[in-house]
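See below for the structure under consideration.
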Amino acid sequence: MQALPFLSAPLLFSRLFAEPLQRARRLPTRASSLLLRSTVVELAVLAGHLLLYPTGISQERPAPGAAPHPVAGPSDEDTASRAVPSAPGVPSMLPTEGRAHPPVLLLHGFIDNRSVFLLLRRSLHRHGWRHIEALNYSPLTCDLRKAAELLSRHVEEVCARTGHRRVDIVGHSLGGLIARYYVQRLGGDTRVRTVITLGTPHSGTAVAPLMSAHPIVRQMRPDSEVIAELSLPAPHCRTHFVAFWSEEDRVMVPATTARINHPDLRAFNVHVAGVGHLALPVNGTVAAGIRDALASADTAEGAADVISVA
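Residue numbering for the sequence shown follows full-length UniProt numbering, starting at 1 and increasing by one per position.
Structure representation (structure tokens):
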């Protein structure tokens with residue numbers, strides 16, 4: 001069953017890449033050039049990712065020797081800001097909150113795995129983020145809500161293991177929707193400081209109707225129960241959201257569905273020009289924007305609703 005992406009991806013993306021080439025002929029010269037360039041990059045990213053896909057099939061494991069820390073509750077800031085000693089003879093895996101960035105969890109999209117974050121992970125590590133983990137959920141997963149429950153358990157495990165009371169999450173496509181559901185509907189805002197989404201169908205996407213046989217795809221439709229749940233009131237949600245979106249994202253139909261428009265959520269909508277859906281996790285400009293968002297998460301109150309990075 002792990003071969004599923006190799007069978008599904010060509011069928012899905014044949015349509016997504018054929019249409020831009022046809023549209024490019026009808027667009028003004030500059031817009032046509034931008035669309036063609038993003039399409040070529042998407043094809044290159046797809047080819048590279050299919051080669052890397054087998055390296056990310058297995059679930060990531062914590063570093064050897066990691067010992068559980070007594071974890072602070074969501075409101076126990078004084079306890080969380082102090083270093084927590086490990087068991088005798090076992091080195092502490094991470095500094096506790098207040099001494100380093102919170103852990104960053106990476107959550108992939110539909111028919112994908114953690115290998116999609118190879119370049120983003122390197123970028124974060126190179127700029128000072130030392131604890132980065134990627135969570136795989138099975139391609140057999142048929143309910144976004146179940147995936148959100150899995151994420152909830154994983155976040156609790158990370159907090160218990162590291163002593164941090166909160167984490168940050170970066171989700172690509174479906175991964176961002178799972179993270180948002182966890183935060184907004186399962187009380188995850190007590191554990192998640194920031195959710196960054198890359199090409200996530202926050203209002204549902206109408207792409208590839210023939211793939212609606214898969215329950216997860218149906219849950220990403222504009223008229224799905226999951227999308228309706230996410231439009232419900234979310235008063236006092238403590239998590240800050242940053243949503244990256246691009247007009248060249250052919251998986252988001254319409255492209256603006258990757259924006260967050262909810263009156264109760266603190267959200268930036270970050271427009272990126274000329275970047276396709278598959279390229280969002282590997283684009284250098286997006287990676288810089290992610291680093292900036294994570295670094296400024298504590299002072300993001302009151303910022304403007306829309307930012308342009310390109």
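No residue lacks a Cβ here, since even glycine has one placed at the ideal position from N, Cα and C.
Close Cβ partners of residue i (< 6 Å) along its chain, the five nearest in sequence each way excluded
| i | result |
| --- | --- |
| Tyr182 | Ala148, Leu151, Ser152 and Gly188 |
| Val253 | Thr205, Ala206 and Val207 |
| Leu294 | Asp168 |
| Arg221 | Gly204 |
| Met211 | Val217 |
| Leu174 | Gly109 and Phe110 |
| Thr256 | none |
| Ser38 | Glu248, Gly274 and Gly276 |
Cβ-heavy atom distance, residue i to the ligand MN, below 7 Å
| i | result |
| --- | --- |
| Ala258 | Ligands displayed in this structure: none; no statement on the ligand MN is therefore possible. |
Where residue i falls, given that 16 or more other Cβ within 10 Å makes a residue buried
| i | result |
| --- | --- |
| Glu60 | exposed |
| Ile57 | exposed |
| Arg191 | buried |
| Asp168 | buried |
| Ala179 | buried |
| His277 | buried |
| Pro103 | buried |
| Ala287 | buried |
| Leu198 | buried |
| His236 | exposed |
| His127 | exposed |
| Asp249 | buried |
| Leu232 | exposed |
| Gly284 | exposed |
Test item: CB-CB of residue i and residue j under 8 Å
| i | j | result |
| --- | --- | --- |
| Val195 | Val45 | no |
| Glu42 | Ala258 | no |
| Ala243 | Ala267 | yes |
| Thr141 | Gly176 | no |
| Val155 | Leu105 | yes |
| Ser296 | Val272 | no |
| Pro62 | Arg165 | no |
| Leu119 | Ile132 | no |
| Arg291 | His240 | no |
| His172 | Val116 | yes |
Which listed residue (the options) has its alpha carbon closest to that of residue i
| i | options | result |
| --- | --- | --- |
| Arg114 | Gly163, Glu156 and Val170 | Val170 |
| Leu107 | Ser123, His131, His127 and Tyr137 | Tyr137 |
| Val251 | Leu186, Val226, Ala213 and Val275 | Val275 |
| Asp112 | Tyr53, Leu144 and Gly163 | Tyr53 |
| Pro215 | Arg238, Leu232, Arg145 and Asp264 | Arg145 |
| Arg185 | Thr39, Leu265, Asp264 and Ala234 | Ala234 |
| Ala213 | Val40, Thr55 and Asp143 | Asp143 |
According to DSSP, residues forming a beta bridge with residue i
| i | result |
| --- | --- |
| Ile169 | Leu105 and Val195 |
| Arg266 | His240 |
| Leu135 | Leu107 |
Cutoff 7 Å; reference residue i; Cβ partners in own chain excluding five residues on either side
| i | result |
| --- | --- |
| Gly48 | none |
| Leu27 | Bear in mind that a pLDDT of 49 at Leu27, under 50, signals an unreliable position, so the number given afterwards is only what the model happens to contain. Excluding residues within five positions, the ones whose Cβ falls inside 7 Å are Leu35. |
| Ser75 | Low confidence applies to Ser75: its pLDDT is 47, below 50, so where it sits in the model is not reliable, and the reading given next is rough at best. For Ser75, where only same-chain residues beyond five positions count, there are no Cβ hits under 7 Å. |
| Ile260 | His202, Phe241, Ala243, Ala267 and Asn269 |
| Asp264 | Pro233, Ala234, Pro235 and Cys237 |
| Thr55 | Ser115 |
Own chain residues within Cβ distance below 8 Å of residue i, not counting five before or after
| i | result |
| --- | --- |
| Arg121 | Leu106, Ile132 and Ala134 |
| Glu225 | Gln219 |
Residue-level contact to chain E via CB, residue i, 8 Å cutoff
| i | result |
| --- | --- |
| Ala44 | Of the protein chains in this structure there is only one, and it is not chain E. |
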